[in-house]
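Working notes, structure below.
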Amino acid sequence: MKKTIDERMEDVMAMSTEGLIYALPSLFAQISQNGVSRSMEESPGLLYRLLTKLEEADLPKIGADAPEIFDSFMNIFWEGISAKAESVRSYLERFGDFTVNYETFDTSLKAHARVSEGRITGGAGMVRFREQDARWFGDTKEIFALLRGEFNMVKLFTETLFFEGFLGLVQRKASPFNTLVGSLAM
Amino acid sequence: METKLSKDGHFICLRCHQKCHLRAVIGNGKIKEIKGAACVKGATIPDVMYHPDRILYPMKRIGERGEGKWERISWDQATSEIAQKLNDISERYGSHTLFFITGSGQKQIGWQVETLGKKFFDTPNTHGGRYTCIIPEVMADFATVGELLTYEYNPCYKDTNLMVFWGANPDVGTPAQVRDARAALKRGAKMIVVDPRPIPMAKKADVWLPIRPGTDAALGLAFLHVIIKEELYDKEFTEKYTSGFEKLKEHVREFTPEWAAPITCLRVEDIYKAARLLGNVRPWCLYARCGSVAQQINSAQNARAFACLLAITGNIDVPGGNTLYFRTFTDAMFMHTYPMRPSFRPSPKAEKGFMGAGKYPMMHFGHMCDMPGTVRGMHDGKVRGMWIVANNFVVAEQDSWKVFEGLKKVDLVVVPEIFMTPTAEVADYVLPAAHYAEIDNVAGTFLEPYNYATAYRKIVEPQGECWDDRTMVLEVARKAGREMLWEDLEDFLNFRLKYMGLTFEEACNFPDGKLEFPKPWRRYETSVPSFQTPSGKIELYSSVFKAIGIPPLPTFAENPISPVSTPEIFDEYPFIYMHIRLSPFQHTEGRQIERQRKLRHDPIIEINPVAAGKLGIKEGDWVKLEVPTPKFRGRHIKFRAKFVPEMNERVVGCDHGWWFPEKPAPEHGFADSNINAILSLDSGPYEPTVGNIQCRAFACKVTRLDEK
C-alpha cells in the first residue's frame, strides 16, 4: 500500500543526502499530485520540516546530482506559503507590492516570490531585474535559513548572505517579509 | 543626445562634498556667471567648462602607453570598440576582472557610473575611491549605529551648544556649512578642536587639543573613561538604546587622562576639561574627517570611539547632535546616491571574484574592492579592464609610480575626463566627459536641515562632443549586447525615484527641483528596530567587528612608525608628517584653472619657524621631504615652506593631491610634490576593515632644497 505524505516525510527525515536525492523527486511528485494544501494538512509542518532537513543535507551534492529537486521544492514551497498566506490577507493588502528573488552560490537554485493584491505567489526561477525589489543570495543553506525566517544581520557583513535592493526597502519590506514567510512555513 | 534644458538655471554643485544649490546666469548658450557659490570652486565652474584644454572629443591611443599619441575617433567607434573589448575580457578572464573605479571628482556621478558598470558588466569590483577617506568611518558607524554618523552631513550646528571638530577643518572642507558653525559660535556655543594644526577654528576654541598625529583613539578612550567614571553619560538613553555598556565601562577603566596625556602629547588638565564639556554640555555634535577617521591603520577604531562618545551622551538623532542623515532619505524611499551604491550587486558567480573577498568582508558589503590588492592585480593580470571615472587615479592612490606602471599593463583602460591627467595619459581611450552643469541629475544635498534632494536638468548643452558619464556606460552596454536594465539615463533617473511614485521630469518641476522629506527627531523612539544594527540598538560592543575578528570595543594602536614604535628612526627623520586640505582645490582638481591656481601656485609645507630655522629654512624656500621607507630611499618630494608659529615643532603639514598640468606629459609631475609617490602599498600593516596603509602621521625628514 502506498505510503501517505506524512509517512513518507517520516522516512525522509531519517535519510542521508543520497537517500534524499533518491526519494525527494517522488515525494514532491506525490505532494503535487495530492495538492500542496492538502499535503500540508496531512503532514503538519511539512514545509518547515523539508527546509530544515534540506539545510542539514549536502546541498551542493544535491545540486550536482539532482538539481531539479530545487525547482520542484521551490514550486511546492511557494504554493504552500501562498495557501497559508490566505489567513493573513488583510495584512498583505496593507503590506503592498513586493517582489523578491533568491539565488545561490553553491547550487543552481533560483526562486522568486511576489506579494500583490494581498496574495503571495512564487516558485522556481527568478523574475527580471526590473521587476524585482530585492534579491537575496548566499549558499543554499543560508537561503533556506532565510526562508525559515532566520535572519541575522551580521551575515550581511561577513560574506555569508548578500542583499540587492534599495536599503529603504530592507527596512520596510524585506525584513518583515522574511519574518512572515518564516512564520507561515512553520 | 538629450534635448531638455533647465528652465531656470538651478543646479547642484558637485565639485566638493557640500552640494551647494547654485544658479547659473546664461548667455548665448553658455554659463556666464555662477550665483550662490560659497567658494572659489563653485565660482570657477565656467572657467572649467570653457577652458581651452578641456577634452572635447573621444580619443584613442595610437602610440605606446604614455607616448601621447592620440587619434580622434567617433563615439560610435569608441563605444563599439570598448564594448567589444569588455566582452572579450569578460569571456576570457571572467567579468570580475573588470574594475569600475571612481573618485571624488564629479561627486555622485562616479558612483552612479559604478552602479551601472556593476550591473551591466556583472562585476563586484568597484571602488568609490574612498578607502582612504570616508570608508573606515562608514564601516565603524554602520557596525555601531547602522549608518554613517560623523561625516559632514551629520552634525547639526544650528541647534547645538557644543561643536567638536576632530581632525576636520570646516573652513576648508565644508565652506558652506561653516557659516552655520560660525553662527553657533556667535550665539554662544562652545567648541573643542582636536587638530595638530592651528586651523582657523582652533583659534576660537574653548579647548584646542593639538594632538600628536595618530593618537586619536587614545584621546577618545580617555574621554569615555572620564564621562563614564564621573557618571556624566546619559543613563536613560544608554540603558534603553545601547548594548554593551558594561563591557565598554570595564574596557575604558584603565584609560585615564593620565594614561592618554603622554601618548597624545596633551596636558592632562586639557583632556579633563574637554571630557567634562562633552559630559556636561547637551546637545553637542561632532565632525570628524581624514585627520582622525581615515588614512591610518587605526581609523575605524577611532571612529568607533567617536560613535560611542556620541551614543553614551545621547547626542544621536537629536537637535544639535549628530543626525542620521541617510535615514531621512531611506524612510522617504528616495534612492540617494550613497546608500544606493551598495544596493546593487552582480551575479553570485561574479561576486566570488571580489578583490578582497575573505579579507575585508565589510568592504565586500560596501562594494569597495581592496585597493592594494587591485594595484597588485594590475601588475599580475588579475585586473584586466579598468573604467576610471572622476578619479585621477595615479595621483590619488598611494604608491603612484606603481599605479602608473600598473595601468600600462592592464589590457583595457578607459578614462572619461574633463582634462588630460597623468591617469588619462596612460589610457587606451580618453572620453570627453560632460561637466555636471551639462547633465541631468538628482542629488541629495549635504546642508542643514539635511532633508532634501534636488532634481535638475542640464543648464547648457555639453561642450564639443562631451557625453554624460552615465550615458557612456549605457551606450557601451547596448553595443556590448547586454540586457538593457535601464534603457537610457532618464529611465535610470526614474528608477531612482520609483519608490516615491515620481518621475524625474515631475521632480524637476518641483520649485527649484527641491524634494523635501520629513525629518522628525529621535526616530529611534518609534522605529522598530531602533537602529539598523544586528541587535537593533547602538552597539558599543560591536557584534559585527567581533564576527570579522576585529576588536569589538574601541582600541588604540600606536602607528607602525612613530616616536614610540620606532624611536631610533626619529633621529634621522624627526618630523611627523600630516597632509592638509586646500581651499582652492578639490583634491587633485583645479590645478589648470588660473583663478584657483592664483590662490595656491605652489604646494606648501607648513612648518614651525623655530624648527625650520634650525634647518636653515626660510619662509618661501623650497624644501624636500623624505620618508624612511627603504623602497623610496633617495627619493623626495618638494614643497615651499610656510611658517606657522603655533605648529608643533615636530609636526609638518603638507598640501595633498598635487600634480602639474603644465609639466611634461605623461607624468605631469605627479611625483614631484605628492606624498602618494613615496608611500608603499607593498607591505602593511593594513587597516583591518578597509585595508589602507598608514598614509599620515609617520616619520619624515625635511631639508632645504637648493632650487629656485
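Residue numbers (numbering that gives the first Met the number 0), protein chains in the order written: chain A, 0 to 185; chain B, 0 to 707. Built from N, CA and C at the ideal position, the CB exists for glycine as well. Nothing here was measured: the structure is a model prediction, and the numbers come from that model.
Residue-chain proximity (residue i, chain A), Cβ-Cβ < 8 Å
i: B/Ala546; result: yes
i: B/Arg344; result: yes
i: B/Pro517; result: no
i: B/Glu1; result: Note that B/Glu1 scores 48 on pLDDT, short of 50, meaning its location in the model is unreliable and no value can be drawn from it.
i: B/His635; result: no
i: B/Gln531; result: yes
i: B/Val543; result: yes
i: B/Ala506; result: no
i: B/Asp330; result: yes
i: B/His363; result: yes
i: B/Ala349; result: no
i: B/Met354; result: no
i: B/Met367; result: no
CA-to-CA distance, residue j to residue i, given in whole angstroms
i: B/Val385; j: B/Thr125; result: Here the sequence assigns Met to residue 385 of chain B, which means Val is not the residue at that position. Roughly 10 Å between the two C-alpha positions.
i: B/Phe708; j: B/Gly615; result: With chain B covering only 0 through 707, there is no way to say anything about residue 708 of chain B.
i: B/Met577; j: B/Ser346; result: 41 Å
i: B/Val39; j: B/Gln595; result: 7 Å
i: B/Met0; j: A/Gly137; result: Interpretation of B/Met0 is limited by its pLDDT of 49, a score under 50 that renders its predicted location unreliable; the figure taken from the coordinates is listed afterwards. Spanning the two alpha carbons is a distance of roughly 40 Å.
i: B/Gly41; j: B/Ile33; result: 7 Å
i: A/Ser31; j: B/Gly500; result: 40 Å
i: B/Ser529; j: B/Asp330; result: 13 Å
i: A/Asn100; j: B/Val193; result: 48 Å
i: A/Pro43; j: A/Arg7; result: 13 Å
i: B/His434; j: B/Leu488; result: 15 Å
i: A/Ala84; j: A/Met185; result: 12 Å
i: A/Asn151; j: A/Val169; result: 13 Å
i: B/Arg632; j: B/Phe659; result: 24 Å
Short Cβ contact (8 Å threshold) for residue i with residue j
i: B/His335; j: B/Gly443; result: yes
i: B/Pro261; j: B/Val317; result: no
i: B/Leu581; j: B/Arg599; result: yes
i: B/Lys246; j: B/Leu4; result: no
i: B/Ala221; j: B/Ala259; result: yes
i: A/Glu141; j: A/Thr159; result: yes
i: B/Val409; j: B/Arg375; result: no
i: B/Thr101; j: B/Asn391; result: no
i: A/Asp57; j: A/Thr98; result: no
i: A/Pro24; j: A/Ser71; result: yes
Any C-beta of chain B under 8 Å from that of residue i
i: A/Gln131; result: no
i: A/Phe136; result: yes
i: A/Gln29; result: no
i: A/Asn151; result: yes
i: A/Gln170; result: yes
i: A/Glu116; result: no
i: A/Gly62; result: no
i: A/Phe165; result: yes
i: A/Glu158; result: yes
i: A/Glu102; result: yes
i: A/Phe94; result: no
i: A/Phe161; result: yes
i: A/Leu108; result: no
i: A/Leu155; result: yes
i: A/Phe128; result: yes
Distance between beta carbons of residue j and residue i, contact taken as under 8 Å
i: B/Val163; j: B/Ile191; result: 5 Å
i: B/Ala698; j: B/Ile604; result: In fact, because the Cβ distance is near 15 Å, the residues do not count as touching under 8 Å.
i: B/Tyr156; j: B/Cys19; result: Not confirmed; about 16 Å, so no contact.
i: B/Asn279; j: B/Leu231; result: 6 Å
i: B/Glu136; j: B/Thr122; result: Rounded, the Cβ-Cβ distance is 26 Å, inconsistent with contact.
(message) With three or more C-beta pairs closer than 8 Å as the rule, is the segment 462-480 of chain B touching the segment 509-529 of chain B?
(response) Under the Cβ criterion (8 Å, minimum of three pairs), the segment 509-529 of chain B does not count as touching the segment 462-480 of chain B.
(request) Please confirm if the segment 75-82 of chain A is in contact with the segment 115-134 of chain A, defined as three or more CB-CB distances below 8 Å between the two stretches. (result) Yes, the segment 75-82 of chain A is in contact with the segment 115-134 of chain A.
(message) Under 8 Å, with one C-beta from each stretch per pair, do the segment 649-669 of chain B and the segment 407-427 of chain B reach the 3-pair mark?
(response) Result yes; three or more Cβ-Cβ pairs closer than 8 Å.
(request) Determine, using beta-carbon pairs with one atom in the segment 36-52 of chain B and one in the segment 535-551 of chain B, whether at least three such pairs fall under 8 Å. (result) No, the segment 36-52 of chain B is not in contact with the segment 535-551 of chain B.
(request) Check whether the segment 174-184 of chain A touches the segment 143-162 of chain A, taking contact to mean three or more Cβ pairs, one atom from each stretch, closer than 8 Å. (result) They touch, by the three-pair rule.
(message) Contact between the segment 530-537 of chain B and the segment 192-208 of chain B is defined here as three or more beta-carbon pairs at a separation below 8 Å; is this criterion met?
(response) Fewer than three pairs of CB atoms, one per stretch, sit closer than 8 Å, so the segment 530-537 of chain B makes no contact with the segment 192-208 of chain B.
(message) Can you confirm whether the segment 56-75 of chain B touches the segment 353-373 of chain B when touching is taken to mean that 3 or more C-beta pairs between the two stretches lie within less than 8 Å?
(response) Cβ pair count under 8 Å is below three, so no.
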